[in-house]
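So the structure is just underneath, and the comments pick up after that.
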Amino acid sequence: MIEAGQYDITTGAGLIACPRCDALHVEAELAPGETARCIRCHSILARPREGAFTQIVALSFTSMVLMFAAVFFPFLEISRMGIGNATSLFGVALAFSQGWLMPLTVAVLGFIVGLPVLRAALLVYVLLPMRGEGRPAPQAGAAFRLSELLRPWSMAEIFVIGTSVALVKVAGLATVNLGPAFWAFCALIIVGAASDVFTCSTTIWDTLEDRGAFTDGREVVADPVETAADRAAVEGTAVRVVQVEPDPHGHPMPGPAAPPPGPPAGNPGAA
């Protein structure tokens, strides 16, 4: 780990890259409510919010409850000429559990149910202990890294869109009644979108590093000695503190994260 304001051009420690244009910036600590933007394209690099961890934890719990309702409650009922049939998502998945369609059952339950629930549980595991001034849970860095890897593979919203398209065609042949599970899935999409709004990956990584969690060995902290002691308490291991000197070859330092034109240069803009 290195001290805030320093950087190592060979390892990238102390630097942050814009996810849109790849411009490098010297990483700086932000107060809640401030926003760091790329100096080139003005994309948001970090936006810490007061109380965001508590809100994300609450939304993650809500997602798991809604997913439970969506799996086991009736999803829809189709009736024609007085004969009807109601089913749940779990029942639909089990209907394909015989023969060569078994992988389809695994895919449905995995991508639509398993991954969203696992990601919500990982966020709760990472953020719940860090509310206020709490220390991270063991292996919190690895857990949050896994949750970020699972983000593109959570396809609950894709399932709802595909189901809606299919129901439009089926409605002309039979009477379709939507069950509580369908509306639970719709609420799940809204809750997931709200969680993404409050989630700032850069802020979570910075908080993990500041409170002693191991991420990739290139952590930027305000006080390396104090953070090393915190990490020893969290991980139960000794940590080597590295003091990085300025670049002896005179390479120009990448520009700091700055807001778009308007506020004074070098100061983060308001969130």
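The opening position of the sequence shown corresponds to residue 1 in the UniProt record's numbering, with each subsequent residue numbered one higher.
Here a beta-carbon is modelled for each residue, glycine too, at the ideal position from N, C-alpha and C.
- Annotated as proximal: Leu59 and Ser195, with beta-carbon spacing under 7 Å.
- Distance between Ile44 and Val117, taken at the CA atoms: about 28 Å.
- The beta carbon of Ala69 lies closer than 8 Å to those of Pro180, Ala181, Ala184 in the same chain, with the five residues before and after it left out.
- Under the three-state reduction of DSSP output, Phe53 falls in the helix class.
- Its Cα nearest to that of Arg80, the residue Thr175 stands out among Ile190, Thr199, Thr175, Val108.
- For Met130, the number of other beta carbons within 10 angstroms of its own is at least 16, and it is reported as buried.
- The C-alpha of Ile161 lies about 32 Å from the C-alpha of Leu128.
- In this structure, Ser88 sits near Phe75, with a CB-CB distance shorter than 7 Å.
- Separation of Arg119 and Leu150 (C-alpha to C-alpha, rounded to the nearest whole angstrom) is 7 Å.
- For Thr163, the enclosing alpha helix (DSSP H) starts and ends at 156-170.
- Using a Cβ distance threshold of 7 Å, Ile56 and Phe198 count as a contacting pair.
- In this model, Phe53 and Leu167 are separated by some 38 Å (Cα to Cα).
- DSSP links Leu76 through a beta bridge to Thr87, Leu178.
- As a beta-bridge residue in DSSP terms, Ile16 pairs with His25.
- The Cβ atoms of Phe111 and Thr105 lie no closer than 7 Å to each other.
- Less than 7 Å separates the beta-carbon of Thr203 from that of Ala46.
- Under DSSP, Ile44 takes part in a beta bridge, and its partners are Arg37.
- DSSP, reduced to helix, strand and coil, places Gly132 outside both helices and strands of the structure shown, so it counts as coil.
- Counting only the Cα atoms, Asp206 lies some 10 Å from Leu30.
- For Glu27 against Ile16, the beta-carbon gap comes to about 5 Å, under 8 Å, which counts as contact.
- Under the 10 Å beta carbon count, Val71 is surrounded by 16 or more other beta carbons and is classified as buried.
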